[in-house]
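See structure below.
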Amino acid sequence: MSYQTLNAHTATLALWYIVNTSLSSYYKLMGAFSDPKSALSQPVEAWRSLSIHVAHIKRWEDVDDVMAFVNKVSDDVNRGVYGVLFCDDEAYPVQLTNIYDPPPVLFYRGNVARLMDKKIAIVGSRNPTEHAQKITFDMAQYLVQSGFSITSGLAQGVDRAAHLGALSQDDTLGCTIGVMGTGIDVCYPKNHNALFAQIIQDGGVLITELLPSTPASKHTFPRRNRLVAGLSLATVVTEAALQSGSLITARLAAEQGKQVFAVPSLIDNKNAEGCHHLIREGATLIYHPDQILEDIQGESAYTALPKTFSRGVSAFSDEQASSEELKLSTKAEPFVPVVPNHLALLISRLGSEPKDLDALVASTGMDTGSLLAQLMELELLGLVAQAGGRYVRT
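Counting in this note's numbering, the sequence shown runs from 138 upward without gaps.
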């Protein structure tokens with residue numbers, strides 16, 4: 138078998154499999170060779186000259202394995218197991234073409250036309266308060282009644298409430314898009330089979346850029362969050378702690394030039410400290426969904442979050458600060474996060490020049506999964522920024 142038998146779409150699928158959905162490797166090859174079929178036909182020396190990871194090169198050399206994957210996907214699509222969208226398809230969401238690193242391939246189940254809807258993302262804690270769940274459900278329901286669909290990440294808590302709120306109206310069924318942090322054929326969390334089925338049955342859609350059978354892992358969720366933000370006109374955080382992945386979604390939305398909204402709560406609600414931090418950093422405080430509609434429909438001006446906003450620390454630590462410490466805090470130096478010992482090697486390999494994952498794997502000797510998990514920790518600490526699959530010290 139030969140790569141020469143592939144057409145433009147199957148060549149894209151083959152290359153996406155070969156690079157194991159590595160955005161940096163895929164776009165590095167596209168920059169050098171223009172299109173997937175051309176990249177597949179290059180000599181191995183050309184790939185090595187681009188510092189493509191050795192694992193990708195080994196997979197590329199195993200033509201039979203790659204072609205078996207392409208044939209398996211084609212068979213699954215023909216049997217209606219799931220569908221595949223390519224970036225030049227008419228149904229490919231135009232919103233994603235405007236982000237820095239759009240996925241060349243999307244796998245989907247359900248009503249793909251939903252991707253053309255006007256969408257607002259609602260995200261937040263996996264363990265929200267009962268009050269936050271009600272606010273999330275009601276807000277999603279209201280926005281759907283106002284002509285928008287709801288994008289979220291299919292997680293426990295706020296995400297689930299957002300999807301269910303969007304599905305709650307008989308006259309506007311299916312107005313939700315669930316972005317998966319797994320392969321299209323993997324249900325995560327495992328107890329969300331009923332939610333997945335309801336979204337599909339009611340006319341919503343599930344999507345992912347990850348290959349079929351990809352399990353959930355720490356490094357797949359920031360990728361999911363990027364698509365949640367990318368698909369949507371704005372992002373709403375209804376309740377989130379300081380270390381919540383929802384703050385990553387908010388930061389990604391800000392980097393994409395989109396508005397971020399946050400719902401306030403009681404000042405001693407640790408579960409909402411992430412929302413309060415976002416508001417301090419410039420997110421728009423809201424207490425009614427009409428305020429979202431006014432802003433995104435152009436009825437009032439707004440200032441987006443800074444493209445790289447700082448991460449604070451909890452004002453409510455276990456050890457209460459003394460009154461003297463509180464007095465001194467007003468004159469204290471700016472907070473500088475301490476780098477944990479297990480992150481010291483990685484932070485030492487990062488500098489002012491952006492580096493992609495392949496370069497970091499080579500310089501640290503770490504496996505990709507561990508590397509991505511540590512990069513996410515550094516992002517949450519505000520020590521590293523990421524754009525287009527490249528990382529730089531802040």
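All C-beta atoms in this analysis are idealised placements derived from N, C-alpha and C, irrespective of residue type, glycine included.
Since this is a predicted model, take the numbers as computed values, not measurements.
The beta carbon of A292 sits closer than 6 Å to the beta carbons of R263 from its chain, once the five residues preceding and following it are set aside; these are given in chain order.
For the 8 Å CB-CB criterion, Q393 and A420 do not form a contact. Residue environment: V373 is assigned as buried (16 or more neighbouring CB atoms within 10 Å of its CB, all protein chains considered).
Distance from Q278 to G302 at the Cβ level is roughly 4 Å; contact confirmed, criterion being Cβ atoms closer than 8 Å. Take D493, set aside five residues on each side of it, and the residues of its chain with a beta-carbon closer than 7 Å to its own are S161, G526, R527, in chain order. Cβ contact annotation for R417 (same chain, cutoff 6 Å, sequence separation greater than five): none. Counting only residues of its own chain and dropping the five nearest sequence neighbours on each side, K165 has a CB closer than 6 Å to the CB of L187.
Bounds of the alpha helix (DSSP H) holding R388 are 383-392. Nearest Cα to L512 within the set H356, N362, D427: H356. With 16 or more other Cβ atoms from the protein chains shown falling within 10 Å of its own Cβ, S381 counts as buried. Of the residues assessed, V214 falls on the exposed side of the cut-off, its CB having fewer than 16 other CB atoms within 10 angstroms. With fewer than 16 neighbouring CB atoms inside 10 Å of its own CB, R216 falls in the exposed class. In the same chain as A299, and ignoring 5 residues on each side of it, the C-beta atoms closer than 6 Å to its own belong to I259, T273, A277, I287, S289, in chain order. Around W153, the same chain offers Y163, P241, V242 as residues with beta carbons nearer than 7 Å, after the five sequence neighbours per side are excluded.
DSSP places Y164 within a helical segment (H, G or I) once states are collapsed to three. The DSSP-derived three-state label of T288 is strand. Across the set A510, L304, S159, the C-alpha of S159 shows the shortest separation from the C-alpha of V191.
For R246, the uninterrupted beta strand (DSSP E) run begins and ends at 242-247, by DSSP.
Going by beta carbons, I155 and I429 fall outside the 8 Å limit. The continuous beta strand (DSSP E) containing Q396 extends over residues 396-399.
Counting along the chain, the unbroken beta strand (DSSP E) around A258 starts and ends at 256-260.
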